[in-house]
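A.B. asks: Note that UniProt numbering numbers the sequence shown so that position 11 is 11, with each residue one more than the last. Ideal placement from N, C-alpha and C gives every residue a C-beta, glycine not left out.
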Amino acid sequence: MAKIFCIANQKGGVGKTTTAVNLAAGLAKIGQRVLLVDLDPQGNATMGSGIDKRAMEQSVYDVLLESSTIQEAAVLSEKCGYHVLGANRELSGAEIELVALERRNERLKAALEAVQSDFDFVLIDCPPSLSMLTLNGLCSAHGVIVPMQCEYFALEGLTDLVNTIKQVHANMNKHLQIIGLLRVMFDPRTTLQQQVSDQLKAHFGDKVFDTVIPRNVRLAEAPSYGVPGVVFDPAAKGSKAFIEFAEEMVQRIQKM
Ligand code: ADP
Ligand code: MG
Numbered sequence: 001m002a003k004i005f006c007i008a009n010q011k012g013g014v015g016k017t018t019t020a021v022n023l024a025a026g027l028a029k030i031g032q033r034v035l036l037v038d039l040d041p042q043g044n045a046t047m048g049s050g051i052d053k054r055a056m057e058q059s060v061y062d063v064l065l066e067s068s069t070i071q072e073a074a075v076l077s078e079k080c081g082y083h084v085l086g087a088n089r090e091l092s093g094a095e096i097e098l099v100a101l102e103r104r105n106e107r108l109k110a111a112l113e114a115v116q117s118d119f120d121f122v123l124i125d126c127p128p129s130l131s132m133l134t135l136n137g138l139c140s141a142h143g144v145i146v147p148m149q150c151e152y153f154a155l156e157g158l159t160d161l162v163n164t165i166k167q168v169h170a171n172m173n174k175h176l177q178i179i180g181l182l183r184v185m186f187d188p189r190t191t192l193q194q195q196v197s198d199q200l201k202a203h204f205g206d207k208v209f210d211t212v213i214p215r216n217v218r219l220a221e222a223p224s225y226g227v228p229g230v231v232f233d234p235a236a237k238g239s240k241a242f243i244e245f246a247e248e249m250v251q252r253i254q255k256m
């Protein structure tokens, strides 16, 4: 049975998509069967996995509106070694179309049930908002991975996300929990980052992943080649960190 994780943080540009594609590639590298679901109309995770978002025949939009199944709409990225249920601009309309429909927050959850045994991990790259799309992700998931930069305001932003997760847990998905906070774009030479990192550990304890993802230009360059850094340059510092993170995730799910 697949374990399903949302990569979420309502802030933009914090490293959600970079985490989603590199964790997917890292898990694939160590032999896990992975489905990456792109829930962001920007389609960055789709493009960053080598799938042309403009040329896709079917996408997560069709799955949410129940005009296709995940088996029909997902494609294998051969370069990356995992399956992708892609997104493009069409998805931004889904929000409005879903409002009038039944079970609107549980469309993705229902669709994922049919592919439970085809994958070990399903990773959902969420948009930078607490929208109905994100709710579809949170209702489907066993847990949330929260990438964050160790900056002063990072802790403040976390409160809203933690509250949303609590509400979803209480009202819609009793399985949902924060699996962990992932420190990304980390620069150990910066005193402030070190301090925020220490505060995070003091406050959230073992909810903070052991793995730390450093700031590394190879991770930022990779998307323009249509692959995650882990595939583009596996020897880069950032790629090695994501492979280590994949191993940490495999260990974590054994305790779940
Ligand atoms: P989000 O999905 O949260 O909006 P992205 O993953 O797209 O964030 O990251 C925002 C920007 O930061 C992108 O340009 C990405 O390439 C860059 N980036 C993300 N993680 C790293 C990292 N560890 N080192 C260097 N650049 C990074
Ligand atoms: Mg993104």
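Can Lys237 be considered in contact with the ligand ADP, in the sense that its beta carbon sits closer than 7 Å to one or more heavy atoms?
C.D. replies: Residue numbering aside, residue 237 sits at position 237 when the sequence shown is read from its first letter. Checking the Cβ of Lys237 against the ligand ADP gives no.
A.B. asks: So which of Ala25, Ser59, Ala110 and Tyr152 has the shortest CA-CA distance to Phe242?
C.D. replies: Taking the sequence shown and counting its residues from 1, one reaches residue 242 at position 242. When only C-alpha atoms are compared, the closest one is Ala25.
A.B. asks: So, helix, strand or coil for Thr19, using DSSP?
C.D. replies: For the purposes of this step, residue 19 is identified with residue 19 of the sequence shown, where counting begins at 1. Correct three-state label for Thr19: helix.
A.B. asks: Hey, how far is the Cα of Thr159 from the Cα of Asp38?
C.D. replies: As a working mapping, residue 159 is identified with position 159 in the sequence shown. As a working mapping, residue 38 is identified with position 38 in the sequence shown. So the alpha carbons of these two residues sit roughly 24 Å apart.
A.B. asks: Tell me which same chain residues have a C-beta within less than 6 Å of the C-beta of Ala28, skipping the five on either side of it?
C.D. replies: Against the sequence shown, residue 28 aligns to sequence position 28. Taken in chain order, the residues that qualify are Val34, Gly81 and Tyr82.
A.B. asks: How would you write the range of the beta strand (DSSP E) that Asp125 sits in, first residue to last?
C.D. replies: Within the sequence shown, residue 125 is the residue found at index 125, counting from 1. From DSSP, the beta strand (DSSP E) with Asp125 extends over Phe121 to Asp125.
A.B. asks: Closest to Val72 by C-alpha separation, out of Leu65, Gln58 and Leu64, would be which residue?
C.D. replies: The sequence position of residue 72 within the sequence shown is 72, counting from 1. Residue identity differs from the one stated: residue 72 is Glu in this sequence, not Val. Selected option, being the one with the closest Cα: Gln58.
A.B. asks: Does the count of Cβ pairs from the segment 216–231 and the segment 112–131 closer than 8 Å reach three?
C.D. replies: Result no; under three Cβ-Cβ pairs closer than 8 Å.
A.B. asks: Checking 8 Å against the spacing of the C-beta atoms, do Gly238 and Pro223 come in under that value?
C.D. replies: To locate residue 238, count along the sequence shown from 1; it is residue 238. To locate residue 223, count along the sequence shown from 1; it is residue 223. Contact: no.
A.B. asks: What runs of the beta strand (DSSP E), each 3 residues or longer, lie entirely inside the segment 77–130?
C.D. replies: Counting only runs of 3 or more, we get 82–85 and 121–125.
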